[in-house]
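One structure is given below, encoded as structure tokens.
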Amino acid sequence: MSDTFFLTTPIYYVNDKPHIGHAYTTILADVLARYHRNTGQETFFLTGLDEHGQKVQQAAEKRGVDPMRHCDEMAPRFTDLWKRLHISHDDFIRTTEERHKKVVQGILQKVYAAGDIYEDEYEGLYSVSEERFITEKESESGEFRDIKKLNEKNYFFKMSKYQQTLIDHIELNPKFIQTEHRRNEILGFLRRPLNDLCISRPKSRLNWGIELPFDSDYVTYVWFDALINYITAPGFGSDDESFAKWWPASYHLIGKDILTTHTVYWPTMLMSAGIELPMSIFAHGWWLMGESKISKSLGNVINPMDLIDDYGVDPVRYYLMREMVLGQDANFTMESFLKRYNSDLANDFGNLLSRVSTLMKKNYDGRIPEPGELTSGETKVQSDGENLVKVVNEKIESMRINEAIEETMQYIRSVNKYMEDNKPWKLVKEDKVAAGRVLYTAGEALRIGAVLLSPIMPSRTAVLLDVLNVQNIGLEWGGLTPGNQLKDHEPLFPRVQ
Ligand code: MSP
0 MSDTFFLTTP IYYVNDKPHI GHAYTTILAD VLARYHRNTG QETFFLTGLD
50 EHGQKVQQAA EKRGVDPMRH CDEMAPRFTD LWKRLHISHD DFIRTTEERH
100 KKVVQGILQK VYAAGDIYED EYEGLYSVSE ERFITEKESE SGEFRDIKKL
150 NEKNYFFKMS KYQQTLIDHI ELNPKFIQTE HRRNEILGFL RRPLNDLCIS
200 RPKSRLNWGI ELPFDSDYVT YVWFDALINY ITAPGFGSDD ESFAKWWPAS
250 YHLIGKDILT THTVYWPTML MSAGIELPMS IFAHGWWLMG ESKISKSLGN
300 VINPMDLIDD YGVDPVRYYL MREMVLGQDA NFTMESFLKR YNSDLANDFG
350 NLLSRVSTLM KKNYDGRIPE PGELTSGETK VQSDGENLVK VVNEKIESMR
400 INEAIEETMQ YIRSVNKYME DNKPWKLVKE DKVAAGRVLY TAGEALRIGA
450 VLLSPIMPSR TAVLLDVLNV QNIGLEWGGL TPGNQLKDHE PLFPRVQ
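Following numbering that gives the first Met the number 0, the numbering of the sequence shown begins with 0 at its first residue and continues without gaps.
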């Protein structure tokens, strides 16, 4: 394991307010960042905004404001949401920032000097919604909207020159594109000849972009600009030490809709500029409602703010992480959200805390009892807990977050069962020491569970640990301190109807 971990989200278009799709990738990155920080790895978590290009220019025009002002007004909608979702990013990049423009122009100059940029006449179909030129075949697929016929002189990047090198890299590095399904998809795509990439837009058509350093009549194509954010932020060209520390990125997290730009455009751009490739690009699936993707243009968006207002941040984070198998699509329904909330959070997790704390309050002056001499029942809870820590680590390393959560919840359920089998509420009347042992064990298991779930639910697990008066958030068994006074609390996850 390397001692630094750098992960990124896509930078989001500021054409509208964020929805659950944007929130999902950002929460996913946050959860991974928190897990990695907890294991002691120095972590850099980057997110930000994609502010140039036709989509943004059109959104600004529609509102009748200048594009820069539009971006400045939209940016807080994202940063406010990240605050509310407890996103712990280390940097927030906006592509209109000076630091970024400089790097984009520097890279363009480098690629130009390498002889990888040429001028050509282009006639073809252009999809405004995807911000790229498309083939006849693609235009018939129905997946592209706002298609226009264009005839322009433009600058092209010799992407085709790197086709074989890219194929070799993908084949040699099985983790470079994840999941395997996506890797095969891209290898399939690369079996056909790769076109060069049009990387400019004439200012006469679109002026909201970064000017080409070698022709002031043009701005840079928005994807060529946006992808570079991943090296601007860690310090490419401005802070060599920082850049060497963080690059190559451990993960670019993306949705499957932006796979080609990240696994074909981006690595070939880096090859031309002589920069190392990221270690891994991981594409997740879509959140669907019924059969269709949740998206602004379909108008079926779920506003994450509404869910947070009604149920709290942590249940929303929990649901999104628990329900989606990374790499596959998942269905968002209120029914499954409420089911998860009530069964996993209210009944299993929250209830265990209530039972433990109520009994300690009633019978042990509200203090953590002594663990005493363990019997086979306790040894089992302890060894299962120790095993769980290993399993969760492995699951996170292999990006199986939903399974890591499920393992933890199964453990919590087994501890509830241990309580039922040992009935400390009865036992305390005959043998207070034995009942104390059961409660200590259940409380300690709950502590371990809460620490393991803290990247998913940072605020409610912090409440739980505070109620148990825990200072030790290590994962070694025995972190609960006998004699510590419990604090009063509301139900951790009140049941909802
Ligand atoms: N600006 C580009 C990314 C540039 S990165 C150098 C972009 N922005 S976006 O705002 O349109 O979308 C960003 C991300 O949100 C994508 O990864 C996309 O997959 C994700 N989602 C948007 N809707 C989604 C769902 N319904 N479900 C899951 N994620 C989805 O593309």
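All residues carry an ideal CB built from backbone N, CA and C; glycine is no exception.
Look up residue i in the DSSP assignment and say whether it is helix, strand or coil.
i                 : result
tyrosine 250      : strand
arginine 144      : coil
leucine 193       : coil
valine 218        : strand
tryptophan 286    : strand
arginine 182      : helix
phenylalanine 5   : strand
arginine 366      : strand
asparagine 330    : strand
phenylalanine 281 : strand
glutamine 381     : helix
proline 314       : helix
glutamate 372     : coil
arginine 494      : coil
leucine 226       : helix
proline 212       : coil
proline 17        : coil
glutamate 170     : helix
glutamate 240     : helix
tryptophan 207    : coil
methionine 304    : helix
isoleucine 26     : helix
leucine 358       : helix
alanine 32        : helix
valine 324        : coil
Comparing alpha-carbon positions, which option in the options lies nearest residue i?
i                 : options                           : result
alanine 59        : Glu184, His18 and Asn206          : Asn206
glycine 254       : Ile307, Tyr217, Met323 and Cys197 : Met323
glycine 123       : Gln108, Gln104 and Glu151         : Glu151
leucine 252       : Lys136, Thr407, Gln496 and Pro9   : Pro9
isoleucine 257    : Gly477, Arg494 and Thr24          : Thr24
leucine 193       : Tyr264, Arg321, Thr46 and Ile307  : Tyr264
aspartate 195     : Asn183, Gln162, Glu184 and Ile185 : Gln162
lysine 318        : Arg36, Asn341 and Gln327          : Correcting the residue type first, residue 318 is tyrosine in the shown sequence and not lysine. It is Asn341.
serine 472        : Gln496, Glu443 and Pro481         : In the sequence on display, residue 472 carries isoleucine and not serine. Selected option, being the one with the closest Cα: Glu443.
alanine 248       : Ile274, Asp224 and Glu118         : Ile274
phenylalanine 91  : Leu464, Phe155 and Pro233         : Pro233
threonine 42      : Gln53, Asp49, Glu50 and Asp29     : Asp29
valine 13         : Pro201, His35 and Glu72           : Glu72
isoleucine 348    : Leu464, Ile227, Asp309 and Ile26  : This sequence places phenylalanine at residue 348; isoleucine is not what is there. Residue Leu464 is the option with its Cα nearest to phenylalanine 348.
asparagine 362    : Ile395, Pro423, Asn392 and Leu351 : Pro423
glutamate 392     : Val432, Leu451 and Leu337         : In the sequence as presented, glutamate is not what sits at residue 392; that position holds asparagine. Comparing Cα-Cα distances from asparagine 392 to each of Val432, Leu451 and Leu337, the minimum goes to Leu451.
serine 159        : Ser128, Gln177 and Cys197         : Cys197
lysine 174        : Ala282, Glu334, Gly39 and Ser335  : Ala282
phenylalanine 331 : Gly371, Leu45, Leu306 and Leu352  : Leu306
tyrosine 310      : Arg93, Leu491 and Phe5            : Leu491
Classify residue i: buried if its beta carbon has 16 or more other beta carbons within 10 angstroms, exposed otherwise.
i                 : result
threonine 260     : buried
valine 110        : buried
proline 17        : buried
arginine 182      : buried
phenylalanine 188 : exposed
glutamate 130     : buried
asparagine 386    : exposed
asparagine 172    : exposed
tyrosine 250      : buried
tyrosine 117      : exposed
lysine 428        : exposed
lysine 82         : exposed
valine 497        : Shown here, the chain extends from 0 to 496; a query on residue 497 therefore has no answer.
methionine 270    : buried
histidine 180     : exposed
alanine 403       : buried
glycine 516       : A question about residue 516 goes unanswered here, because the residues of the chain that appear run from 0 up to 496.
aspartate 343     : buried
serine 356        : buried
alanine 243       : exposed
Name, in chain order, the residues that DSSP records as bridge partners for residue i.
i              : result
serine 291     : Met288
tyrosine 12    : Asp49
glutamine 484  : Arg366
isoleucine 176 : Ile280
proline 201    : Tyr217
Between residue i and chain C, is the shortest Cβ-Cβ distance under 7 Å, so that the two count as touching?
i             : result
aspartate 216 : Absent from the structure is chain C; it holds one protein chain and no more.
Is residue i near ligand 3 - that is, is its Cβ less than 6 Å away from at least one heavy atom of it?
i         : result
proline 9 : Because ligand 3 does not appear in the structure shown, any question about it cannot be addressed here, the ligands present being ligand 1.
Self-check item: beta strand (DSSP E) runs wholly inside the stretch 85 to 159, at least 3 long, in chain order
Solution: As for any beta strand (DSSP E) of minimum length 3 sitting wholly inside the stretch 85 to 159, the runs are 90 to 93, 116 to 126, 131 to 133 and 146 to 156, ordered along the chain.
Quiz item: Which full runs of the alpha helix (DSSP H) of 4+ residues lie inside the stretch 38 to 90, going along the chain?
Solution: Complete alpha helix (DSSP H) runs here, min 4: 53 to 62 and 66 to 83.
Quiz item: Can you list the alpha helix (DSSP H) stretches of 4 or more residues lying completely in the stretch 394 to 480, in chain order?
Solution: As far as the stretch 394 to 480 is concerned, its whole alpha helix (DSSP H) runs of at least 4 residues are 400 to 421, 423 to 429, 431 to 452 and 457 to 466.
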